[in-house]
Amino acid sequence: MSTTPQPAFISVVGATKRWSNGVTVLDGITLTADRGDFVSLIGPSGCGKSTLLRILAGLTPLGAGSVRLDGMAPEAAREIMSFIFQDATLLPWRTVRSNVELGLELEGRTPTAQRREISASMLRLVGLSDVAHLHPRQLSGGMRMRVSIARALATRPRILLMDEPFGALDEMTRDLLNEELLRLREQERFTTFFVTHSVSEAVFLSTRILVLAAKPGRIAREIRVPFEGPRSAELRSAPEFLRLVGEVSTALRSVQCDNPPENP
Amino acid sequence: MRRLLAQVGWPLAVLVAVITVWDLACRWLAIPAYVLPPPEAVLRVLVERRGNLASAFRVTAVEAGGGYLMSIVAGVLIALFFARSPLIRRSLYPYTIVLQTVPIVAIAPLILMWFGSGLRSVMLVAFVICLFPIIANTTQGLISVPRNLIDLFAMANAPRSAQLLKLRLPYALPSLFVGLRISAGISVIGAVTGELFASSNAVGEGGLGYSITYANSQLQTDYLFALVLTASLLGFLFFFTVAALEWLCLRQWHESAMRADAD
Ligand SMILES: Nc1ncnc2c1ncn2[C@@H]1O[C@H](COP(=O)(O)OP(=O)(O)OP(=O)(O)O)[C@@H](O)[C@H]1O
Ligand SMILES: [Mg+2]
């Protein structure tokens, strides 16, 4: 969107975070992401994936280091950023439509009529047009997640932060939503940071996978996913896909086994 | 609607049973009427003195209702203040518990002594007794908003006012209603108790509590019963008004509000 001649769209340099109890959760994380990248963060539980995401969003203050998103500090970058949580975090007293409009409503720049239009088109995008008038409790878990995605996309974010968005779903729904997310990315061209525990999900979606190690949290490996062109469900059975799944799994196992820092 | 019916149906059955036992006891045990008047005597008084009862009902309804409404406004405001920080809660919460644990019969004479024994003082007694359940429940609702929802509003750079109006207050609504239901009944207790103390030096206030002391001193036990029934009726009216309002406000999403995070 902007024409800033920044070398990287998103850059994190030496990000370090220590909790008040003295535990270092992230130690010198350095990474960059270009426009349109889909970066997955994968690693053992408690290694600080959520914390890193929350730092990118400015929800958790950074200890040391710097974070720049399109040249902005996290708080300022919220304008172009949406966060999708593990649970759908819908407001139960609002209908699906008005949940989707929440972001626009809170920003307060879009007139009501236009909000209506946007929410309608977002719901069409995630295939939920005919439940727009229902309340969240009347939806299945997968549908709620779709509403959450529609809400996040309604503000036209350039950056999407997703913390295990499909963690609570069954595998079939998860696969379906993965394909949907790829399609949405084709259309909306957002840059994504995606936390997951599923290796195949990470390989299927990402352009790059960062394997994090724990105690303290740091990037142990970076694996590029070089698939060209649009991806489809068939990709899951391609030999190259399976090879990458194997590679990521091995990397994940090695960080889970040895605790002392290793520098590749 | 079915819930409402169940709430009315079973208590009604109990009422019929109690009246039957009461009637039989009066007949068989030959209890004097000034100790326990038979049901039909009470019924007769209810009809004959309906004018007195209605005006006493009105006075007490204004006192209880006024105190109740005041406690809702003040209780929600105090809860909003309490919800601002744990430090505020820690320092002030113990004093609201004092409000609840000191018997109302001890507070009522004080209030009447300080503020005179008019209708407004009785209203104040009702107010004091209603306050705690509303503060406690609303505060609980306001501070249990999930962190992710708060973060969601933070991500949208939502101002504090939007967070309050569009997140915290709606989220706390079911808890507020719990407090409202508890206080609906006890507002009548507060008003009647207040009147008991007002009666000693008030002249023309004549609410249910005042009439109860009067009937008691005159050994008009049947009238006393009628007054007690009228007071319960008032409590029931308050309670069901609130229950109906709650149903109207929450029926769309109430269940989900209770388990908002169960996916
Ligand atoms: N506010 C906090 N204060 C202190 N420690 C915290 C806080 N939040 C998280 N932690 C700790 O920081 C570590 C990293 O937490 P984080 O939620 O980022 O892990 P994660 O990688 O997302 O794990 P999971 O995969 O289980 O979601 C954990 O050990 C956690 O206990
Ligand atoms: Mg996490």
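Chains as they are written, first to last, in this note's numbering: chain Z, 1303 to 1566; chain B, 257 to 519.
Each residue gets a CB set at the ideal place from its N, CA and C atoms; glycine is no exception.
query, result
"Within-8 Å CB hit, Met379 (chain B) to chain Z", "no"
"Three-state secondary structure (DSSP) of Gly465 (chain B)", "helix"
"Extent of the continuous beta strand (DSSP E) to which Leu1364 (chain Z) belongs", "Here Leu1364 (chain Z) belongs to no beta strand (DSSP E), and DSSP marks it neither H nor E."
"Beta-carbon spacing of Gly1405 (chain Z), Ala1456 (chain Z) below 8 Å", "yes"
"Interface residues of chain Z facing Trp509 (chain B) [CB-CB closer than 7 Å]", "Pro1394, Trp1395, His1437, Arg1439"
"Cβ neighbour criterion (16 or more within 10 Å) applied to Tyr290 (chain B)", "exposed"
"Minimum Cβ-Cβ distance from Ser1384 (chain Z) to chain B less than 8 Å", "yes"
"Residue range of the beta strand (DSSP E) that includes Leu1463 (chain Z)", "1461 to 1465"
"Ligand 1 heavy atom lying under 7 Å from the CB of Ser1352 (chain Z)", "yes"
"Residues from the segment 1399 to 1419 of chain Z in contact with chain B, defined by Cβ distance under 7 Å", "Gly1405, Leu1408, Glu1409"
"Rounded C-alpha distance that separates Ile399 (chain B) from Ala412 (chain B)", "20 Å"
"Residues that DSSP places opposite Ala1317 (chain Z) in a beta bridge", "Z:Ile1331"
"Where Ala499 (chain B) falls: helix, strand or coil (DSSP)", "helix"
"Nonlocal neighbours in the same chain, by C-beta distance under 8 Å from Met1424 (chain Z), ignoring five residues either side", "Val1402, Ala1452, Arg1453, Leu1455, Ala1456"
"Minimum Cβ-Cβ distance from Arg1380 (chain Z) to chain B less than 8 Å", "yes"
"CA nearest to the CA of Ala1470 (chain Z), picked from Z:Gly1444, Z:Glu1482, Z:Arg1458, Z:Leu1486", "Z:Gly1444"
"Phe453 (chain B) - DSSP class collapsed to helix/strand/coil", "helix"
"Test: Asn457 (chain B) CB closer than 8 Å to a CB of chain Z", "Note on Asn457 (chain B): pLDDT 49, under 50, position unreliable in the model; no value is reported."
"Heavy atom of ligand 1 within 7 Å of Trp1321 (chain Z) beta-carbon", "yes"
"Within-8 Å CB hit, Leu261 (chain B) to chain Z", "no"
"Chain Z contacts made by the segment 409 to 420 of chain B, where a contact means CB separation under 7 Å", "Phe409, Ala410, Met411, Ala412, Asn413, Ala414, Ala418"
"Contacts around Arg1370 (chain Z), its chain only, beta-carbon distance under 6 Å, and the 5 residues preceding and following it disregarded", "Ser1313"
"Selection of the segment 391 to 409 of chain B by Cβ proximity to chain Z, strictly under 8 Å", "Pro402, Asn404, Leu405, Asp407, Leu408, Phe409"
"C-alpha gap between Leu1355 (chain Z) and Val1497 (chain Z), whole angstroms", "8 Å"
"Contact with chain Z by Pro342 (chain B), beta-carbon distance below 8 Å", "no"
"For Ser1500 (chain Z), the three-state DSSP class (helix, strand or coil)", "coil"
"Proximity test, Cβ basis, 8 Å: Val1359 (chain Z) and chain B", "The amino acid at residue 1359 (chain Z) is misidentified as Val; the sequence shows Ala. Closer than 8 Å to some Cβ of chain B, the Cβ of Ala1359 (chain Z) qualifies, so yes."
"Under 8 Å by beta carbon: chain Z residues contacting Pro426 (chain B)", "Leu1393, Trp1395"
"Spatial distance of Arg376 (chain B) from Ala454 (chain B) (CA atoms)", "11 Å"
"Closer than 7 Å: Cys1559 (chain Z) CB and nearest ligand 1 heavy atom", "no"
"Residue range of the unbroken beta strand (DSSP E) whose run includes Glu1604 (chain Z)", "Residue 1604 (chain Z) lies beyond the residue range present for chain Z, which begins at 1303 and ends at 1566; the question has no answer from this structure."
"Inter-stretch contact (C-beta, 8 Å, three-pair minimum) for the segment 382 to 400 of chain B and the segment 353 to 360 of chain B", "yes"
"Pick from B:Gly463, B:Leu425, B:Val332 that is closest to Ala244 (chain B), judged by C-alpha positions", "Only positions 257 to 519 of chain B appear in this structure, which leaves residue 244 (chain B) out of reach."
"Buried/exposed call for Asp1465 (chain Z), threshold 16 Cβ in 10 Å", "buried"
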